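*Asks:*
Numbering (my numbering), first residue to last: 647 to 826.
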C-alpha cells in the first residue's frame, strides 16, 4: 500500500467541521514589560544589600586580608580555604585592568570555571600599590562582587591567598558545584 492509499484509508470517514458563526478568541494580552536592567541599578542593589545587612555572606576583613563565606557554611570548609588546602584549578590576573574591565573578566572567568566543574580558583587582583592614592580598588570591588553581586549565588566562600599564591594581592574563591 502506498503512502497516499494509506492516507485515504485512514481519512475516508472524516468530514470537515461545520464552520458556523463561531466565537472569536480574545486577543492575547500585551506582553509584560520585562524588568529594566542597568549596571547602575545593579550597583545600587548591591550597596543596598550591604547597608541593610542582607548580604548572603558573613564577611570579615582587615587592611590586608579579606574573607567571606555563605551564611551557614561549615567553618571548617572556610578554614581549609583560608589555609590554601584546596588545589587551585585556575586563575585570572587582573593587574592593569580598570574596575569595569576587571568585573567583566571576573564574571567570565567564574562562569567558565563553574561550567568546567572547577571548585577552587584564584583571582589575582594586586595590592593596589600602583593605584591612585595606593588604595586597593579591585580588592574592595571583588569583595562586593563575590558577596552580593550576580555571582554570589555561585560562590561558597572566598579568602585572601597564602603568600605563596599572592597573599593579600589574591583571593581564593570556592565555587558551588554546578546545579546547586
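We treat Cβ as the ideally placed atom computed from N, Cα and C, and that holds for glycine.
Note that this is a predicted model, so its numbers are computed, not measured.
Near residue 823, which residues of its chain fall below 6 Å by C-beta distance, leaving aside the five closest residues on each side in sequence?
*Replies:* Excluding positions up to five away in sequence, the list is empty.
*Asks:* Can you tell me which of the three DSSP states residue 724 falls into?
*Replies:* helix
*Asks:* Once DSSP output is grouped into helix, strand and coil, what is the label at residue 663?
*Replies:* The answer is coil: DSSP assigns residue 663 none of H, G, I, E or B.
*Asks:* Could you spell out where the alpha helix (DSSP H) holding residue 784 opens and where it closes?
*Replies:* 783–794
*Asks:* Taking the straight line between their C-alpha atoms, what separation do you get for residue 699 and residue 800?
*Replies:* In this prediction, residue 699 scores a pLDDT of 45, lower than 50, which makes its location untrustworthy; no coordinate-derived value is stated.
*Asks:* Helix or strand or just coil, what does DSSP make of residue 699?
*Replies:* Annotation note: pLDDT 45 at residue 699 (below 50); position unreliable, coordinate value reported separately. DSSP, read as helix, strand or coil, puts residue 699 in coil.
*Asks:* Quick check: the Cα distance between residue 727 and residue 720, rounded to an integer number of angstroms?
*Replies:* Rounded to the nearest whole angstrom, the CA to CA distance from residue 727 to residue 720 is 11 Å.
*Asks:* Going by the CB atoms, is the gap between residue 802 and residue 820 shorter than 8 Å?
*Replies:* yes
*Asks:* In terms of residues, what are the limits of the alpha helix (DSSP H) holding residue 765?
*Replies:* Taken as a continuous stretch (DSSP letters only), residue 765 belongs to no alpha helix (DSSP H), as it is neither H nor E.
*Asks:* Classify residue 740 as buried or exposed, calling it buried when 16 or more other Cβ atoms lie within 10 Å of its own Cβ.
*Replies:* buried
*Asks:* Which residue's Cα is closest to the Cα of residue 745: 761, 735 and 790?
*Replies:* 790
*Asks:* Output the distance between the C-alpha atoms of residue 807 and residue 767, rounded to the nearest integer angstrom.
*Replies:* Spanning the two alpha carbons is a distance of roughly 11 Å.
*Asks:* Could you tell me which residues DSSP puts in a beta bridge with residue 713?
*Replies:* 706 and 805
*Asks:* In the DSSP assignment, what residue or residues form a beta bridge with residue 737?
*Replies:* Here residue 737 is bridged, per DSSP, to 768.
*Asks:* Please state the DSSP three-state secondary structure of residue 719.
*Replies:* Residue 719 carries a coil assignment under DSSP once its states are collapsed to helix, strand and coil.
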